[in-house]
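Here the structure comes first, spelled out in structure tokens, and everything after it is commentary.
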Amino acid sequence: MWIRGPKEAPRGGTVTLSCETDVSNPRSDLSWTIDGKAIEAGEESVRATTDGWITTSNLTITLTRQEPDMKVFSCHAKNPHVTGSASTTHRLRVTYPPKPPTILGYDAGTPLRVGDIQRFNCVSIGGNPPAMLRWFKGDKEISTPVMTSGSGVSSELVIRVQLSDNGAFYRCEANNSALKKPLSAFVRVTVRFPPSFVNITVHPTEPRAGY
Numbered sequence: 001m002w003i004r005g006p007k008e009a010p011r012g013g014t015v016t017l018s019c020e021t022d023v024s025n026p027r028s029d030l031s032w033t034i035d036g037k038a039i040e041a042g043e044e045s046v047r048a049t050t051d052g053w054i055t056t057s058n059l060t061i062t063l064t065r066q067e068p069d070m071k072v073f074s075c076h077a078k079n080p081h082v083t084g085s086a087s088t089t090h091r092l093r094v095t096y097p098p099k100p101p102t103i104l105g106y107d108a109g110t111p112l113r114v115g116d117i118q119r120f121n122c123v124s125i126g127g128n129p130p131a132m133l134r135w136f137k138g139d140k141e142i143s144t145p146v147m148t149s150g151s152g153v154s155s156e157l158v159i160r161v162q163l164s165d166n167g168a169f170y171r172c173e174a175n176n177s178a179l180k181k182p183l184s185a186f187v188r189v190t191v192r193f194p195p196s197f198v199n200i201t202v203h204p205t206e207p208r209a210g211y
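So that you can map any letter, position 25 of the sequence shown is 25 in the UniProt record's numbering, and since no number is skipped, the others follow by simple counting.
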């Protein structure tokens, strides 16, 4: 026997699972448990084959905001004329979006100097599955490692400040399968630097005494 249905679904969404038995004679009776608790059986149907009977039960539920991150559905088949029973299990991940990311380690407008080492830390809390974090300078992605903690994820971007960083936007995106588009946060960097050279111009080019 087996259960057909999605492997993940969003909070607030509706999910339909279908449990089907192997051939038995006589037909089997099906029952469901969710997270170990028995529930009223779903819609059941039986079809005949040359070798016996196949029983199918459909179960439809709506996932509330109080659902755990992972739900366990079990379908049990019992034949009143046969000792024992059979069962199968299906795990469903309940997805929900993370909170918008936050960039720590730099206050907008704080001047940096060329050659400084600057660290930006992007943090995103919550979400199932945990958010994937991506860094960008402008539209160019920068590869960085992502660390997972008990309540969320973080990613540190370390740069050596350059002239091109003056006015540049660094953006962190957080995304998971519960989102239609990524959530993002950004900082604009200010860089202070001296002139690269000083040019002295003399006019006229050939001055004469008395002028």
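Using N, Cα and C, we set each Cβ at its ideal position, and we do this for glycine too.
I believe Phe186 touches Tyr170 by the beta-carbon criterion, under 8 Å. Please report the beta-carbon distance rounded to the nearest angstrom. The Cβ separation is near 6 Å, so the contact holds.
How is Asp116 classed by DSSP in three states: helix, strand or coil? coil
Going by DSSP, which residues form a beta bridge with Thr60? Thr16
My guess is that Ile125 and Ser155 are in contact by the Cβ rule of under 8 Å, so how many angstroms apart are they, rounded? Not really, about 13 Å apart at Cβ, beyond 8 Å.
Check whether Thr21 and Ile61 have beta carbons under 7 Å apart: no
Which one or two residues does DSSP pair with Arg93 in a beta bridge? Glu8, Met70
Would you tell me roughly how many angstroms separate the C-alpha atoms of Ile39 and Leu104, rounded to the nearest one? Their backbone Cα atoms lie some 47 Å apart in a straight line.
Leaving out five residues before and five after Thr201 in sequence, what residues of the same chain have Cβ atoms less than 8 Å from its Cβ? Within the same chain, no Cβ atom closer than 8 Å to the Cβ of Thr201 is found once the five residues on either side in sequence are excluded.
Leu104 - containing beta strand (DSSP E), residue span: 102 to 104
Look at Asn166 and Asp69 and say whether their C-beta atoms are less than 7 Å apart. No, Cβ-Cβ distance for Asn166 and Asp69 is not below 7 Å.
Leaving out five residues on either side along the sequence, give the residues of the same chain with a beta carbon under 6 Å from the beta carbon of Asp51. Val23
Measuring only the C-alpha atoms, how far is Cys75 from Leu183? 38 Å
Fully enclosed by the UniProt domain "Ig-like" (101 to 184), which beta strand (DSSP E) runs are 3 residues long or longer? The UniProt domain "Ig-like" (101 to 184) contains these whole beta strand (DSSP E) runs: 102 to 104, 111 to 113, 117 to 125, 132 to 137, 140 to 142, 152 to 160, 169 to 175.
If you drop the 5 nearest sequence neighbours on each side, which residues of the same chain put their C-beta closer than 7 Å to that of residue 218? The displayed coordinates of the chain run from 1 to 211. Any statement about residue 218 would go beyond what the structure contains.
Leu63 and Val114: beta carbons closer than 7 Å? No, Cβ-Cβ distance for Leu63 and Val114 is not below 7 Å.
Roughly how many angstroms separate the alpha carbons of Val191 and Ala174, rounded to a whole number? 27 Å
Once the 5 residues before and after Ser45 are set aside, which same chain residues still bring their CB inside 6 Å of it? Cβ neighbours of Ser45 within its own chain (closer than 6 Å, five residues either side excluded): Thr56.
Look at the alpha carbon of Thr88 and the alpha carbon of Pro130, and state the distance between them as a whole number of angstroms. 28 Å
Short check: CB of Trp135 to CB of Thr148, under 7 Å? No.
Pick from Val153, Leu157, Met132: whose alpha carbon is nearest that of Ile142? Looking from the CA of Ile142, the closest CA among Val153, Leu157, Met132 belongs to Leu157.
Ordered list of beta strand (DSSP E) runs contained in the region 28 to 59, each at least 3 residues: Those beta strand (DSSP E) runs which fall completely within the region 28 to 59 and span 3+ residues are 29 to 34, 37 to 39, 43 to 48.
DSSP state of Ile200, grouped into three classes? coil
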